[in-house]
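S.K.: Each number in our numbering corresponds to the 1-based position in the sequence shown with 1157 added. Sharing a structure with you now.
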Amino acid sequence: MRIHERRSLWRRLRPYFTVFDGPLTVILLMLLTVSMVTLYSASLGIPGKMEDHLRNIVLFFIVMWVVSNVTPQLMMRIAVPAYAAGVFLLVCVALFGIIKLGARRWLHVGIDIQPSEFMKIVTPMMLAWYFQNRSGHLDWKSFGVAALLLAVPVGLVVRQPDLGTALLVIAAGFSVIFLAGLAWKALVALLLAGAAALPIIWSVLHDYQRERVMTLIDPTTDPLGKGFHIIQSTIAVGSGGLTGKGWTHGTQAHLEFIPERTTDFIFAVYSEEFGLVGNLILMVLYLLLIGRGLIIAGNAPNLFTRLLAGAMTMIYFAYAFVNMGMVSGILPVVGVPLPFMSYGGTALVTLGVAGGILMSIQRHRKLVQT
């Protein structure tokens, strides 16, 4: 009888411990392995970085496991209050936030938190909830309301200012609006309107943001100042050649020419040491990650889960695209880390939540009513 009871208990507990999607977990483990190898080299001479990174990876899996056990039905129920709480916290940041390095992005609530990170997940969740409740009744007014729901947090984040996070919130939120059925004509109209608004956007940018754009166009105008980051990172990327200089043998990194080499510019360290071949392997891993996310989105049982899975996948794509473009000198420097590669606990927690949502949708796809 005791054996039978123990087996019954395990049967009840087993679903909570077998929540991870196999293909997605394997891809994430491969990316994190590459991350540990690269960060070990990038952090030589910086004590404590590897230990902290391993701790962050453990935290990543704990967060992903917790979120994987949250049902899509519960996500729908918390979407509106979570969005409202996030906007409220952003308003509090604007009014009472802590200023660090010239930006008001943090709020002290016993510990310092950055509510804008929260909005990367909550904004697309709110939009997915909205379109789920409007399904069958979508018109131009529906998309207008959705655009407003996206514009509110983006505007508050831009005001901090935090252009990198704002771009990620836009990417995740707009992907929901697009996947919900935004017409191509409307998309073209938005692109034309955005192009027409460039002079206005330019006029409201902060001086340092304008300098980043001008530095992108010609970094040699200030090679020892504003252009230093881009010049040194592109030298590192190019000097890696076909197969790289070898692990721990990157000169740009270890002679400390690459700034922020463990965080925003870790891709430059990786490129220098593993070359074009290593870059292709890394890009294949990211493509597999994005592909698996899209498969989960395609198999999702209703509109809410399809849109939410698509948005979480877009977060992975946006992180990788913006960071690689920034380090390679084709996008302005905006402070976006390379997903699963860069050192940093906050970004890994956000990515863990996104991964947990994907795994939850995959796990509960047969339980959600269409």
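Yeah, the Cβ is synthetic: ideal placement off N, Cα and C, and Gly gets one too.
Ile1518: buried (16+ other C-beta within 10 angstroms of its C-beta) or exposed?
M.R.: buried
S.K.: Have a look at the DSSP bridge pairing and note the partners of Trp1263.
M.R.: Ile1255
S.K.: Here's a check: name, in chain order, each residue in its chain whose Cβ is nearer than 7 Å to the Cβ of Ala1457, leaving out the five neighbours to either side.
M.R.: Arg1463, Ala1466, Ile1518 and Arg1522
S.K.: Just the C-alpha distance for Leu1439 and Pro1318, rounded to the nearest angstrom, thanks.
M.R.: 31 Å
S.K.: Taking only three categories from DSSP, how would you classify Ile1270?
M.R.: Here Ile1270 sits in strand by DSSP.
S.K.: Are the CB atoms of Val1220 and Gly1509 within a distance shorter than 9 Å?
M.R.: yes
S.K.: To the nearest angstrom, report how far apart Pro1238 and Ile1357 are at their CA atoms.
M.R.: 34 Å
S.K.: Could you check the C-alpha separation between Thr1175 and Asn1459 for me, to the nearest Å?
M.R.: 23 Å
S.K.: So is Thr1507 buried or exposed if we call it buried at 16+ other beta carbons inside 10 Å?
M.R.: buried
S.K.: Excluding the five sequence neighbours on either side, which residues of its own chain have a C-beta within less than 8 Å of the C-beta of Tyr1473, listed in chain order?
M.R.: Residues Tyr1443, Leu1446, Ile1447, Gly1450, Pro1496, Leu1508 and Ala1511 of the same chain have their beta carbon placed closer than 8 Å to that of Tyr1473, with the five preceding and five following residues left out of the count.
S.K.: At the level of alpha carbons, what is the spacing between Ala1468 and Leu1306?
M.R.: C-alpha separation (whole angstroms): 15 Å.
S.K.: Have a look at Ser1299, Pro1204, Thr1322 and Leu1349 and flag the residue whose alpha-carbon is nearest the alpha-carbon of Pro1310.
M.R.: Thr1322
S.K.: Applying the 10 Å Cβ sphere with the 16-neighbour rule, what's the burial state of Val1441?
M.R.: Counting C-beta atoms within 10 angstroms of its own C-beta, Val1441 has fewer than 16 neighbours from the protein chains shown and is therefore classed as exposed.
S.K.: According to DSSP, simplified to helix, strand and coil, what is Ser1499?
M.R.: coil
S.K.: Please name the residue in Ile1184, Ile1203, Val1191 and Val1183 whose C-alpha comes closest to that of Ala1410.
M.R.: Ile1203
S.K.: Is Asn1226 helix, strand or coil by DSSP?
M.R.: Secondary structure of Asn1226 (DSSP, three-state): coil.
S.K.: If we call anything under 9 Å between Cβ atoms a contact, is Ser1225 one with Phe1177?
M.R.: yes
S.K.: Run through DSSP, which three-state label would Pro1494 get?
M.R.: coil
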